[in-house]
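What follows is a single structure, written as structure tokens, with notes after it.
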Amino acid sequence: MKASIVFLLCISVFAGFSQGRVVREDETGFAECNVFFSGQVPPEGFTEPFHVKICQQYNKEPRFATLYSTKDKIPLYSAFKFTKPAQSEEENWLVEPQIDDPENDLHEMVHEADIGGAVANLGANQALTSDYVGSGYERGLLNPSLLNEKDFQVATYTLTNAVPLNPALSKSWHRDIGKVVEQALIPHCSKMDHLYLLAGAVPSRVQVKGKVTVPESLWLAACCDAPEGWSLGLVKKTNDENSLADLMVGELEKQLLPGVHLFKGNCGKDKQSQKKREAVLQAVSQIRSGEQVGTNNDQETKENGLVRRVAGIIATPFIKLLELLIYIFVELVKFVFYFLWLVVKRVVGTILGGVCSLWNGMVSYLKAISMVLISIPYDVGRVIINIFLGFLQIVQDVMSLTYRILSIPVGFVLHLAAFPYRSICAIPSVLQDMAAGIMGTFSLVIDATAAVLHGFYYLAWHILKRFVPKGSSGD
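Residues -20 to -1, 1 to 455 (mature numbering (1 follows the signal peptide of the UniProt record, and there is no 0)) make up the sequence shown, in order.
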């Protein structure tokens, strides 16, 4: 936990306090980034569950808004306002931890190299730098960095604002969009802060390394939400780097998802100025044909260009030296912060380890004392119960012994008293048994005599019957 806190502090310092906050479902639109939409109402019709709304921030201020597809791992559109044309700045690419790991404590964009193992499933829902390496594609910004200045420009270098483009297409897209915005759109919108821009991509079926979807086309929608305003759509096919078609916003919406509406109330369609729109289309047509849009004469332009080139040649060594010094200073600051982070980590780790050991010892001591104090009344109660049970056992033994001692004479007396009664009562039974025996003996003798006589009679009958002739029986 302590290491995570120090890590977050270091990330916030090195990343320049950049933040890309993933907007929660219970928040309206893009939360504080609604200011980048006409009427503060985001486009309608992008309702897939894999669409994630991101409020791109830097130095705690909203810079632009992005609708990101975790399925295609590219932004579907970025909404922004023109600030000021700026020179190219060093690319410092960031990733959004919350897209891959919503439960992560990192609520800010961070450098991919600084994440380490702090984010679970890194790259599962978003593109990483490794997805572009060796692919032949480069990270093309939907919200071009050259249309922004200072902090707004730094905030554009995030992988949630990039789509895979071949180098030639990426260069022509940024060149064309830069010219259209600066030379055609800004001059024909009465107030620059009333110009709302949406830059988007239409996914194709082609993927880089089987992960990041290559756009089928790129588009730009502009809304001048002011009196005598106008709206315009531009489309560039990715298979033709020189293509740039202008069309009505309604026609552009039909090429996107069904039911899509890019601007609230069609950017005040009923109040739009046809004259202004025709002027914008004419300027776009000149840019598409390669003509210079403006009122300065060619000689002045050439002279200014020559002066800028000479000044650039003279200033380049000093600029490079300054960049080197700044780089060395930044690296020294990084080293100092890293060293301090290690020292703080070791000191904090030692202190927290000692505190934890002391706390564990106190907890163990208090636990042991508590167990002893709790066991005292329990042991006293157990002794009292054992004494009471022993006393009851003694009483039971005394009563049992007394009963046994008293039961011996009582039984003898009872048996002795019952002897005459049992003896007298036994005489009739004995006489009855004797009479039965005498009668039985007499009956047995009679039966035996009768049986002997019957046997002699039977024997004599058979002898006479055998030896006496049958004829003499008639005599």
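By construction, the Cβ of each residue, glycine as well, lies at the ideal position given by its N, Cα and C atoms.
Distance CB(residue i)-CB(residue j) smaller than 8 Å
{"i": "residue 215", "j": "residue 202", "result": "no"}
{"i": "residue 265", "j": "residue 243", "result": "no"}
{"i": "residue 227", "j": "residue 57", "result": "no"}
{"i": "residue 299", "j": "residue 192", "result": "no"}
{"i": "residue 60", "j": "residue 161", "result": "no"}
{"i": "residue 114", "j": "residue 146", "result": "no"}
{"i": "residue 101", "j": "residue 81", "result": "yes"}
{"i": "residue 182", "j": "residue 167", "result": "no"}
{"i": "residue 18", "j": "residue 205", "result": "yes"}
{"i": "residue 79", "j": "residue 2", "result": "yes"}
{"i": "residue 189", "j": "residue 131", "result": "no"}
{"i": "residue 16", "j": "residue 44", "result": "yes"}
{"i": "residue 229", "j": "residue 213", "result": "yes"}
{"i": "residue 197", "j": "residue 171", "result": "no"}
{"i": "residue 237", "j": "residue 199", "result": "no"}
{"i": "residue 163", "j": "residue 263", "result": "yes"}
{"i": "residue 42", "j": "residue 5", "result": "no"}
{"i": "residue 108", "j": "residue 134", "result": "no"}
{"i": "residue 159", "j": "residue 331", "result": "no"}
Straight-line Cα distance separating residue j from residue i
{"i": "residue 435", "j": "residue 443", "result": "12 Å"}
{"i": "residue 260", "j": "residue 165", "result": "6 Å"}
{"i": "residue 129", "j": "residue 254", "result": "32 Å"}
{"i": "residue 47", "j": "residue 343", "result": "52 Å"}
{"i": "residue 105", "j": "residue 221", "result": "29 Å"}
{"i": "residue 295", "j": "residue 126", "result": "21 Å"}
{"i": "residue 381", "j": "residue 362", "result": "29 Å"}
{"i": "residue 383", "j": "residue 369", "result": "21 Å"}
{"i": "residue 454", "j": "residue 420", "result": "Its pLDDT being 47, under 50, residue 454 is placed unreliably by the model, and nothing is read from it."}
{"i": "residue 309", "j": "residue 241", "result": "49 Å"}
{"i": "residue 396", "j": "residue 358", "result": "57 Å"}
{"i": "residue 446", "j": "residue 422", "result": "37 Å"}
{"i": "residue 437", "j": "residue 402", "result": "52 Å"}
{"i": "residue 394", "j": "residue 386", "result": "13 Å"}
{"i": "residue 365", "j": "residue 372", "result": "11 Å"}
{"i": "residue 269", "j": "residue 14", "result": "35 Å"}
{"i": "residue 389", "j": "residue 411", "result": "34 Å"}
{"i": "residue 89", "j": "residue 305", "result": "27 Å"}
{"i": "residue 251", "j": "residue 169", "result": "14 Å"}
{"i": "residue 321", "j": "residue 83", "result": "25 Å"}
{"i": "residue 448", "j": "residue 424", "result": "36 Å"}
{"i": "residue 456", "j": "residue 314", "result": "Shown here, the chain extends from -20 to 455; a query on residue 456 therefore has no answer."}
{"i": "residue 301", "j": "residue 341", "result": "59 Å"}
{"i": "residue 64", "j": "residue 257", "result": "23 Å"}
{"i": "residue 235", "j": "residue 9", "result": "23 Å"}
{"i": "residue 409", "j": "residue 375", "result": "49 Å"}
{"i": "residue 441", "j": "residue 427", "result": "21 Å"}
{"i": "residue 73", "j": "residue 51", "result": "21 Å"}
{"i": "residue 143", "j": "residue 336", "result": "49 Å"}
{"i": "residue 429", "j": "residue 416", "result": "20 Å"}
{"i": "residue 272", "j": "residue 20", "result": "Here the model assigns residue 272 a pLDDT of 49, short of 50, so the residue's position is not dependable and the matter cannot be decided."}
{"i": "residue 312", "j": "residue 324", "result": "18 Å"}
{"i": "residue 457", "j": "residue 303", "result": "Lying before the first or after the last residue shown, residue 457 is absent from the chain, which here runs from -20 to 455."}
{"i": "residue 40", "j": "residue 7", "result": "18 Å"}
Span of the alpha helix (DSSP H) around residue i
{"i": "residue 154", "result": "147 to 159"}
{"i": "residue 229", "result": "229 to 235"}
{"i": "residue 59", "result": "Element bounds for residue 59: not the alpha helix (DSSP H) but the beta strand (DSSP E), 54 to 60."}
{"i": "residue 95", "result": "92 to 95"}
{"i": "residue 206", "result": "From DSSP, residue 206 is part of no alpha helix (DSSP H); its letter is neither H nor E."}
{"i": "residue 44", "result": "That residue, residue 44, is in no alpha helix (DSSP H); its beta strand (DSSP E) goes 41 to 49."}
{"i": "residue 133", "result": "130 to 135"}
{"i": "residue 166", "result": "Looking at the DSSP string, residue 166 is not in any alpha helix (DSSP H), and its letter there is neither H nor E."}
{"i": "residue 77", "result": "77 to 80"}
Run of the beta strand (DSSP E) containing residue i, from where it starts to where it stops
{"i": "residue 188", "result": "175 to 188"}
{"i": "residue 37", "result": "31 to 38"}
{"i": "residue 121", "result": "118 to 121"}
What runs of the alpha helix (DSSP H), each 4 residues or longer, lie entirely inside the stretch 240 to 267? Listed in chain order, the complete alpha helix (DSSP H) runs (minimum 4 residues) inside the stretch 240 to 267 are 245 to 248.
Quick check: the stretch 129 to 147 against the stretch 36 to 46, are there 3 or more CB pairs under 8 Å? Verdict: yes, contact present.
Quick check: the stretch 19 to 34 against the stretch 108 to 125, are there 3 or more CB pairs under 8 Å? Verdict: no, contact absent.
Report the start-end ranges of each beta strand (DSSP E) in the stretch 376 to 447 that is 3 residues or longer and not cut off at the edges. Listed in chain order, there is nothing to give.
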